[in-house]
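Undergrad: Okay, here's the structure, questions in a sec.
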Amino acid sequence: MHIVLARRGDGGVTASELDAAGMVHREVDLDGDGLFAYVQAHEPTDVQADAPEQSRPRWVWSSTAQWYPALLAAGVRVERCVDLVLSRRILRTSVLTAGSELAREPASGWDSTVVAAPQASPQAPALFDVDAPVVAAPLDPVREFQSQLAAIAGATQPGRIRLLLAAESAGALVAEEIRFMGMPWREDVHDRVLTEALGPRVAFGRHPARLEALAARVRELLDAPTLNPDSQTELLAALRRVGLDVTSTRKWELRELDHPVIEPLLEYKSLYRLFTANGWAWLEAWVHDGRFRPDYVVGGVVTGRWATSGGGALQLPKNIRRAVVADDGWKLVVADASQLEPRVLTGLAGDRAMADAGRGRDLYDAVVSAGVVASRHEAKVAMLGAMYGATTGDSARLKPRLTRAFPQAIALVDEAAAEGERGEQVVSRLGRTSPRPGESWREVQQRASEPGASAVDERRARSRARDWGRFTRNFVVQASAAEWALCWMADIRLRLRELGDGSLENAPHLVFFLHDEIMVHTPEQYADHVAEIVRESARTAGRLLFGTFPVDFPLTVAVVDTYADAK
DNA sequence: ACTGTGTGCGCG
DNA sequence: AAAGCGCGCACACAGT
């Protein structure tokens, strides 16, 4: 059953209970507290956990980021939802629903809705702020949902798009639950890591001693007493002045140089990065009461990957992962999918040879064993290059061998690239569709095809076309991998509810997600069970995306006290 | 003082 | 080796 929640002008909420055809058969008016009680009453409890499917509601709301934090703060979890804003974005851009009224209607408030995440004080999510309009225009979520149902029903492959929307919405629930619970973060450990590397903390605006010492050493060795080593321009000039033939200050270029300044300079850059990106300022801004609360943006990347806004949760450097420590009596279960993208490509292409090669073992080792390339490193470079569209170097050189060994898989990405070069859209496994190239792209292509086109015009057009082709080549794989990860995580979330008392606070719950990796914070006694769930959910995700096609998705699973020990 | 762009580097 | 995909963030610097 679907229940649509809508805020009324008077600050209350109307719950519209829909029948199987999507028509309203009952409306209930609720105030703030009444909403919590109403939602709680409709959620399956432990006792009803195996109640029939129909009895479990799917909450339909404008956006999960808008509605769910207050429910969580009130102690109410929901099992399933429809996030209308996220769903609409998919439906309006997918080629599977391109013919629907929803896709053809002009943009409305539903498209411009800013899905504001609760900010400022994440540990105390605001309860319903009745004065804050959810959206600018009065939008009717019942009507919107019905319109989306119609679009799905008319889709060329409704099952796929339906699964995608369910996964996207489940992801939105996970993102809010992660934000609500937070990732366990030991401020004292983080401080120790920083102090060991940089020296003791100093006042705001100053640089720690170790950083200052390295900067002084660099100035001395470059004979540049006023050099600001953070200035790329100044640094490049100073390096050239001492006779170093460099074109940039990137570390992989510096690393190749033979000069006494290189070592302290590289160390300076590394420590400076730690200091600015994940130093004490970051700690103060993002960690409170022993929890880091990532600010995920679900579907924030065109491919459907999550993005973050602030906090940099997707870029936590390895050297500070020591600060992620399970609570006393708890464990972290960290799992990542091994070689997710090439395995997803295997499923997309239905490439039996590749599926057989990778079954139950490291895929890159398998490519070596098959005699395709000589080393694991080569296998990895060749595979990634094929998916990213490498044109030079070892990767491009090895590609023909990969093509001979796995013709179907390589043909799939080559075809995606060719479609992109023609300005066409490409589609993920479940229906997420790449954007059309922009106006300027089309103009460049158009100009090159006209009679008076110059060689420069043609070269530019070819170059831009190839650029876009590399994007669409990667899109089909990355977007489908993101779908696998969403299905994986959504299934983990549902299974975890069956452990412990089913609450978030006292039972295993997700605390981190990173493209192909998840982390569960769990009471110690459930850790092994959680590890098993995580593996089982990977099998489920594979079946959801690829049915009976025998591609498997092995995981690396670690039960640890600190994230740093996970790999 | 504010905004946009380029550079560099962290992650997958 | 550091190119071939997708990001966010911090800083320097140039424009206003």
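Its first residue numbered -2, the first sequence is counted upward by one per residue in my numbering. All C-beta atoms, glycine included, are put in the ideal place defined by N, C-alpha and C.
1) Determine contact between the segment 399 to 417 and the segment 332 to 350, defined as no fewer than three beta-carbon pairs at a distance below 8 Å.
2) Figure out for me which residue from ALA561, ASN503 and TRP303 has the closest Cα to the Cα of VAL295.
3) Could you check if LYS564 is buried or exposed, using at least 16 other CB atoms within 10 Å of its CB as the buried criterion?
4) Measuring CB atoms only, is the segment 158 to 176 touching the segment 61 to 73, in the sense that at least three cross pairs come out at less than 8 Å?
5) Are the CB atoms of LEU219 and ALA235 within a distance shorter than 7 Å?
6) Is it buried or exposed, MET20, if we count other Cβ atoms within 10 angstroms and call 16 or more buried?
7) Looking at THR61: is its Cβ nearer than 7 Å to the Cβ of ASP80?
8) Rounded to a whole number of angstroms, what is the C-alpha to C-alpha distance between GLN268 and HIS512?
9) Going by DSSP, which residues form a beta bridge with PHE510?
10) Let me make sure I understand the geometry here. Which of GLN143, LEU27 and ALA445 has the alpha-carbon closest to that of ASP16?
11) Counting C-beta neighbours from all protein chains within 10 Å, is the total for ALA133 16 or more, i.e. buried, or is it exposed?
12) Do you know whose CA, among GLY449, TRP465 and ALA445, lies nearest ARG456's CA?
13) If I measure Cβ to Cβ from PRO397 and keep anything under 8 Å in the same chain, skipping five residues before and after, which residues do I get?
14) Whose C-beta lies closer than 7 Å to the C-beta of LYS266 among residues of the same chain, with five residues either side of it excluded?
15) In the DSSP assignment, find the unbroken alpha helix (DSSP H) run with THR230 in it and report its ends.
16) Tell me whether PHE289 sits in a helix, a strand or coil according to DSSP, three-state version.
17) Return the residue from the list PHE468, LEU161 and ALA210 that minimises the CA-CA distance to ASP411.
18) Using the DSSP secondary-structure output, state which residues sit across from LYS564 in a beta bridge.
19) Among residues of its own chain, excluding the 5 on either side of VAL57, which ones have a beta-carbon nearer than 6 Å to its beta-carbon?
20) Once the 5 residues before and after ARG356 are set aside, which same chain residues still bring their CB inside 7 Å of it?
21) Taking only three categories from DSSP, how would you classify GLU24?
22) Under 8 Å Cβ to Cβ from ARG470, same chain only, skipping five residues before and after it: list those, please.
23) Compare the Cα-Cα distances from SER105 to each of VAL82, GLY428, GLU193 and ILE259 and report the closest residue.
24) If you draw a straight line from the C-alpha of ASP246 to the C-alpha of ARG461, how long is it?
25) Are the segment 184 to 199 and the segment 314 to 330 touching, with three or more C-beta to C-beta distances below 8 Å?
26) If you scan the segment 261 to 312 from start to end, which runs of the beta strand (DSSP E) of 3 or more residues do you find wholly inside it?
27) With 16 as the cutoff for other CB atoms within 10 Å, does LYS328 come out buried or exposed?
28) Which one or two residues does DSSP pair with ALA62 in a beta bridge?
29) Can you check which of these residues, GLY9, LEU88 and ARG183, is closest to ASP558 by C-alpha distance?
30) Using the beta-carbon count (16 or more within 10 Å), is THR343 buried or exposed?
31) Considering Cα atoms alone, identify which of TRP277, ARG214 and GLU250 is closest to ALA194.
32) For HIS(-1), name the three-state secondary structure that DSSP assigns.
33) State the DSSP-derived secondary structure class of ALA332, mapped to helix, strand or coil.
34) Where does SER105 fall in DSSP's three states?
35) Check the C-beta distance from SER97 over to GLY428 and give it rounded, since I have them as a contact under 8 Å.
36) Just tell me which of LEU541, ARG459 and TRP438 has its CA closest to the CA of CYS484.
TA: With the structure as the only source:
1) yes
2) As a first step, residue 295 is located in the first sequence; it is residue number 298 there, counting from the start. Comparing Cα positions, the closest option is TRP303.
3) Counting from one through the first sequence, the residue named residue 564 turns up at place 567. Classification for LYS564: exposed.
4) yes
5) Residue numbering aside, residue 235 sits at position 238 when the first sequence is read from its first letter. Residue numbering aside, residue 219 sits at position 222 when the first sequence is read from its first letter. Yes.
6) As a first step, residue 20 must be located in the first sequence, where it is residue number 23. MET20 comes out exposed.
7) On the first sequence, position 64 is the one that residue 61 refers to. On the first sequence, position 83 is the one that residue 80 refers to. In contact: THR61 and ASP80 (Cβ atoms closer than 7 Å).
8) The residue you call residue 268 lines up with position 271 of the first sequence. The residue you call residue 512 lines up with position 515 of the first sequence. This sequence places Leu at residue 268; Gln is not what is there. Each residue's Cα considered, the two are about 26 Å apart.
9) As a first step, residue 510 must be located in the first sequence, where it is residue number 513. Paired residues: ILE515.
10) Here residue 16 corresponds to residue number 19 of the first sequence, with the count starting at 1. Among GLN143, LEU27 and ALA445, the Cα nearest to that of ASP16 is on GLN143.
11) Residue numbering aside, residue 133 sits at position 136 when the first sequence is read from its first letter. Low confidence applies here, because ALA133 scores a pLDDT of 47, under 50, leaving its location unreliable and the question unanswered by this model.
12) Position 459 of the first sequence holds residue 456. For ARG456, the nearest C-alpha among the options comes from ALA445.
13) Indexing the first sequence from 1 puts residue 397 at position 400. Excluding positions up to five away in sequence, the list is empty.
14) As a first step, residue 266 is located in the first sequence; it is residue number 269 there, counting from the start. The answer, listed in chain order, is LYS248.
15) Taking the first sequence and counting its residues from 1, the one referred to as residue 230 is at position 233. Taken as a continuous stretch (DSSP letters only), the alpha helix (DSSP H) holding THR230 covers 229 to 238.
16) The count along the first sequence starts at 1 and reaches residue 289 at position 292. Strand.
17) Here residue 411 refers to the residue found at position 414 of the first sequence. Comparing Cα positions, the closest option is PHE468.
18) Within the first sequence, the letter at position 567 stands for residue 564. According to DSSP, which records beta bridges pairwise, LYS564 is partnered with nothing at all.
19) Reading the first sequence from its first residue, position 60 is the one you call residue 57. Within the same chain, VAL57 has close Cβ partners HIS(-1), VAL1, VAL79 and PHE142.
20) Reading the first sequence from its first residue, position 359 is the one you call residue 356. Excluding positions up to five away in sequence, the list reads ASP549.
21) The residue you call residue 24 lines up with position 27 of the first sequence. Correct three-state label for GLU24: strand.
22) Sequence index remark: in the first sequence, residue 470 carries index 473 (1-based). Around ARG470: MET384, TYR385, GLY386, VAL410, ASP411, ALA413, ALA414 and GLY417.
23) Indexing the first sequence from 1 puts residue 105 at position 108. When each option's Cα is compared against that of SER105, the closest is VAL82.
24) In the first sequence, counting from the first residue as 1, residue 246 sits at position 249. In the first sequence, counting from the first residue as 1, residue 461 sits at position 464. This sequence places Thr at residue 246; Asp is not what is there. Taking the straight line from one Cα to the other gives about 28 Å.
25) yes
26) none
27) Here residue 328 corresponds to residue number 331 of the first sequence, with the count starting at 1. Counting Cβ neighbours within 10 Å, LYS328 comes out buried, since at least 16 surround it.
28) Numbered from its first residue, the first sequence carries residue 62 at position 65. According to DSSP, ALA62 bridges with nothing at all.
29) Mapped onto the first sequence, residue 558 falls at position 561. Looking at the Cα atoms, ARG183 is the closest of the given residues.
30) Counting from 1 along the first sequence, the entry for residue 343 is found at position 346. The residue in question, THR343, is buried, as its Cβ has 16 or more Cβ neighbours within 10 Å.
31) Position 197 of the first sequence, counting from 1, holds the residue named residue 194. Nearest option by C-alpha distance: TRP277.
32) For the purposes of this step, residue -1 is taken as residue 2 along the first sequence, with counting starting at 1. Three-state DSSP puts HIS(-1) in a strand.
33) Your numbering for residue 332 matches position 335 in the first sequence. Looking at ALA332 - three-state DSSP - the assignment turns out to be strand.
34) Locating residue 105 in the first sequence gives position 108, counting from the first residue. Correct three-state label for SER105: coil.
35) In the first sequence, residue 97 corresponds to position 100, counting from 1. In the first sequence, residue 428 corresponds to position 431, counting from 1. That pair is no contact at about 12 Å.
36) Against the first sequence, residue 484 aligns to sequence position 487. Cα-wise, what sits closest to CYS484 is LEU541.
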